[in-house]
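In my numbering, the protein residues as written are 13 to 178. Idealized CB from N, CA, C, for every residue including glycine. Just so it is clear, the structure is predicted and the values come from calculations on it, not from any experiment. Notes to accompany the following structure.
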């Protein structure tokens, strides 16, 4: 298995565990103190499939203020949702990447690049500080879905580039 593919799989695993952090169950330790444990259900983290989040919930999350910044992504939930259906990828994974990589586009870099997943330039036409730059959010969303659909789901990640260039 190529290094690029292993890195992409590792990144998806991190996102899955990040999503799992939202599914916690309180428990009691032997000392009587409350303890939080993760409830992991492997089948709940399949990238492909129907959306498990609504457009309204996507918009609600994307319109919140993070670190005093309201995301440019506000009201773009329909785009994330529609592209998820088009590519056969649950949009919850796009949302998780967006949160992890740039706090929904509120980081200074993401505000400039409109790059959902902080994807490296790797021969892309427009770049800034080594990252792809998009004309609008929909273009960035589409490129992320294309990369996941073709690179991860279909196993087409190039073995010729190091992970930092994916």
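Between residue i and residue j, what straight-line distance do the alpha-carbon atoms span, to the nearest angstrom?
{"i": "residue 135", "j": "residue 125", "result": "15 Å"}
{"i": "residue 123", "j": "residue 64", "result": "27 Å"}
{"i": "residue 72", "j": "residue 165", "result": "28 Å"}
{"i": "residue 107", "j": "residue 142", "result": "22 Å"}
{"i": "residue 105", "j": "residue 161", "result": "12 Å"}
{"i": "residue 101", "j": "residue 74", "result": "19 Å"}
{"i": "residue 86", "j": "residue 138", "result": "24 Å"}
{"i": "residue 22", "j": "residue 81", "result": "A caution first: residue 22 carries a pLDDT of 48, below 50, which makes its placement in the model unreliable, though a value can still be read off. The alpha-carbon atoms of residue 22 and residue 81 are separated by roughly 30 Å."}
{"i": "residue 62", "j": "residue 163", "result": "19 Å"}
{"i": "residue 150", "j": "residue 59", "result": "20 Å"}
Buried or exposed, going by whether 16 or more other CB atoms sit within 10 Å of the CB of residue i?
{"i": "residue 79", "result": "exposed"}
{"i": "residue 140", "result": "exposed"}
{"i": "residue 148", "result": "exposed"}
{"i": "residue 158", "result": "exposed"}
{"i": "residue 103", "result": "buried"}
{"i": "residue 89", "result": "buried"}
{"i": "residue 167", "result": "exposed"}
{"i": "residue 97", "result": "exposed"}
Whose C-alpha, out of the options, is nearest the C-alpha of residue i?
{"i": "residue 117", "options": "83, 145, 150, 133", "result": "83"}
{"i": "residue 155", "options": "115, 91, 120", "result": "91"}
{"i": "residue 110", "options": "152, 67, 168", "result": "152"}
{"i": "residue 119", "options": "77, 88, 167, 60", "result": "77"}
{"i": "residue 113", "options": "96, 132, 95", "result": "132"}
{"i": "residue 145", "options": "121, 167, 93", "result": "121"}
{"i": "residue 66", "options": "59, 115, 93, 60", "result": "93"}
Quickly, what does DSSP pair residue i with across the bridge? List them, please.
{"i": "residue 81", "result": "78"}
{"i": "residue 140", "result": "143"}
{"i": "residue 132", "result": "143"}
request  = Write down every uninterrupted run of the alpha helix (DSSP H) in the segment 60-122 whose length is 4 residues or greater and which is fully enclosed by it, in chain order.
outcome  = Unbroken alpha helix (DSSP H) stretches of 4 residues or longer found wholly inside the segment 60-122: 67-74, 89-99, 103-114, given in chain order.
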